[in-house]
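>
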Amino acid sequence: MDVYVATFCIFLSLVTQVIAAPIEDEITALPGLNKQPYWKQYSGFLNATGTKMLHYWFLESANNPQTDPLVLWMNGGPGCSSDLGLLSEHGPFVISSDGMTVTYNNYSWNKVANMLYLEAPAGVGFSYAFDKNYTTDDDLTSLDNYAALKNFFIKFPEFLSNDFYITGESYGGIYVPTLSSRVLDDQAINFKGFAVGNGLSDDELNDDSLLYFGYYHGLVGESLWNQMIQTCCAGNSTRCTFYRNSLNNTSCQQQLSKAFSLISYSGLNEYNLYAECQGQPSEGFFFNQKTQMFYHSLFGWKFTKEPQMQKKMKALKELMKVTKVGVTPPCLNYDNIIKYMNSSEVRRALHIPDSVQAWDVCSGDVHNTYQTLYHNVTDQYLRILNAKVTDICTIPV
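FYI, in mature numbering (1 follows the signal peptide of the UniProt record, and there is no 0) the residues of the sequence shown are -20 to -1, 1 to 377.
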């Protein structure tokens, strides 16, 4: 009889290890849905380094969670929430304009993959640190993300054998390859590849490309363009590297400031030039911290820190405060998502403690203290390529 009991205990132990999803994190009823999904979803916190707790939202595949890949998604900023990807891009849910009603997205990635959305660094979204220290950099962020990922697999060991991919956009161009480099050395994770869409992976290419984009799409006029070519590149229009030539050239900086102002304050959707600007944010949004973050992350880092560019941005800021006339650079209005995520019912459903800060699109505290270490991640790409990772995809759109 003891043999049977021992055998049963061993079997029960194995089952517990294989099926170990944290019941306390399961979302049993998501507010706003007329019908709850048939697949499981979870929301909670993952341990990072120190006192940091990173919020995650995990949605099992609607197809076959046991065999479908596990995909980690990260939005950029730095300092913007990955839940934007979940609730406004490729997640299964769409928040209506009233900020209360939720419908389904027929093109959700979780139709074919297990989707893990991680809000990072600490201070972003619902992620927090007990010591309230949100100063970080590229290396610390990748280390925290890696620690959180390891904690995820402790909570969900049944997904360790699934093919694993790391994906992201915008400043995810830094997040993704730096995290991938760490995961690459971990034999316990079945890492297959990564994908970056519209990512910032090289400051020089980003900034120069934006200027050429502005010129070829008529945002920068012929006269100013010719002045830029003459001032920054001695008349060489074949391929002017504005980024390299602007550092010690005040006249060049002045011309580039004019060009960037035209691109940024055109009133057009910079993320999709031929699409409409989606709504108008409320008064005061134009130049709050979040909007400034979009400007800084859009242009990379060098040009926006030049004195002439800073002066121009400050002048335009003051002008628009007075005139009340301005543009919404992101051309996105997330008021509906902000309202939804901060409702008491949703916070309870997502297991967010009352002590955790209100959810916001981006964190000024994180962004304004974030230290950029990598202005080019070619080395990380090459290291992963040389390791013969199955799939790598980078799409600058």
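Backbone N, C-alpha and C define an ideal beta-carbon position, used for all residues, glycine too.
Keeping to the same chain, check which residues put their C-beta closer than 8 Å to that of Ile318; ignore five residues upstream and five downstream.
In the same chain as Ile318, and ignoring 5 residues on each side of it, the C-beta atoms closer than 8 Å to its own belong to Gly79, Trp339, Asp340 and Val341, in chain order.
> For the beta strand (DSSP E) that contains Leu39, what are its first and last residues?
Lys32 to Leu39 is the extent of the beta strand (DSSP E) around Leu39.
> Determine the extent of the beta strand (DSSP E) in which Gln21 is found, giving its start and end residues.
Here the beta strand (DSSP E) through Gln21 covers Gln21 to Asn27.
> Based on Cα-Cα distance, which residue from Ala239, Arg219, Gly57 and Cys212 lies nearest to Asp117?
Gly57
> Helix, strand or coil: which one does DSSP assign to Val82?
If DSSP states are grouped into helix, strand and coil, Val82 belongs with the strands.
> Where does the unbroken alpha helix (DSSP H) through Gly215 begin, and where does it stop?
Neither: Gly215 is in no alpha helix (DSSP H) and is coded neither H nor E.
> What does DSSP give as the partner residue(s) for Thr115 in the beta ladder?
Thr115 pairs with nothing; no bridge assigned.
> So Asp63 and Tyr22 are supposed to be a Cβ contact under 8 Å. How far apart are they, rounded?
Not a contact, Cβ separation roughly 14 Å.
> Report the residue ranges of all alpha helix (DSSP H) runs contained in full by the stretch 126 to 168; include only those spanning at least 4 residues, in chain order.
The stretch 126 to 168 is shown to contain whole alpha helix (DSSP H) runs of 4 or more residues at 152 to 164, in chain order.
> DSSP beta-bridge partners for Trp89?
Answer is none; Trp89 lacks a bridge partner.
> Would Gln258 and Asn313 qualify as a contact pair, given that the criterion is a beta-carbon distance under 9 Å?
yes
> Measuring CB atoms only, is the stretch 4 to 17 touching the stretch 97 to 107, in the sense that at least three cross pairs come out at less than 8 Å?
No, they do not touch.
> In this structure, does DSSP put Gln351 in helix, strand or coil?
strand
> Cα-Cα, which of Val326, Asn366, Asn225 and Asn90 is closest to Gly71?
Asn90
> What is the C-beta distance between Pro49 and Ala93, in whole angstroms, given that I count them as a contact (C-beta under 8 Å)?
5 Å
> Between which two residues does the beta strand (DSSP E) carrying Asn178 extend?
Phe171 to Gly179
> Terminal residues of the continuous beta strand (DSSP E) containing Asn94?
That run of the beta strand (DSSP E) goes Asn94 to Leu98.
> For Tyr320, which residues does DSSP report across the bridge?
Note: Tyr320 sits in no beta bridge, so no partner.
> Beta-carbon within less than 8 Å of Asp111's beta-carbon, same chain only, minus the 5 sequence neighbours each way: which residues are those?
Gly30 and Thr31
> Could you tell me whether the stretch 168 to 181 touches the stretch 145 to 154, using the rule of 3 or more Cβ pairs below 8 Å?
yes
> Can you tell me which residues form a DSSP beta bridge with Tyr108?
Met33
> Here's a check: name, in chain order, each residue in its chain whose Cβ is nearer than 6 Å to the Cβ of Pro45, leaving out the five neighbours to either side.
Asn94
> Rank Leu66, Asp119, Asn43 and Tyr126 by C-alpha distance to the C-alpha of Leu34 and give the top, closest one.
Nearest to Leu34 by C-alpha distance, out of Leu66, Asp119, Asn43 and Tyr126, is Tyr126.
> Taking buried to mean at least 16 other C-beta atoms within 10 Å of its own C-beta, is Ser77 buried or exposed?
exposed
> If you measure between the beta carbons of Asp188 and Phe222, is that distance less than 9 Å?
yes
> Restricting to Cα atoms, I'd like to know which of Ser41, Glu99, Leu10 and Met54 is closest to Phe25.
Glu99
> So, is Leu39 buried or exposed, given that buried needs 16 or more other C-beta atoms within 10 angstroms?
buried
> Taking only the alpha-carbon atoms, compute the straight-line gap between Ala329 and Glu6 and give it to the nearest angstrom.
For Ala329 and Glu6, the distance between alpha carbons rounds to 9 Å.
> Are Gly59 and Val346 touching if we call contact CB-CB under 9 Å?
yes
> So is Ala168 buried or exposed if we call it buried at 16+ other beta carbons inside 10 Å?
exposed
> Could you spell out where the alpha helix (DSSP H) holding Leu253 opens and where it closes?
Unbroken run through Leu253: none, as it is neither H nor E.
> Please classify Thr83 as buried or exposed, where buried requires at least 16 other C-beta atoms within 10 Å of its C-beta.
exposed
> By the three-class DSSP mapping on this structure, what secondary structure does Val51 have?
It is a strand residue.
> Of the residues Ile3, Cys212 and Leu164, which one's Cα is nearest the Cα of Ser237?
Cys212
> So what's Asp188 in DSSP terms, helix, strand or just coil?
helix
> Give every residue of the same chain whose Cβ lies closer than 8 Å to the Cβ of Arg224, excluding the five residues on either side of it in the sequence, and list them in chain order.
Glu184
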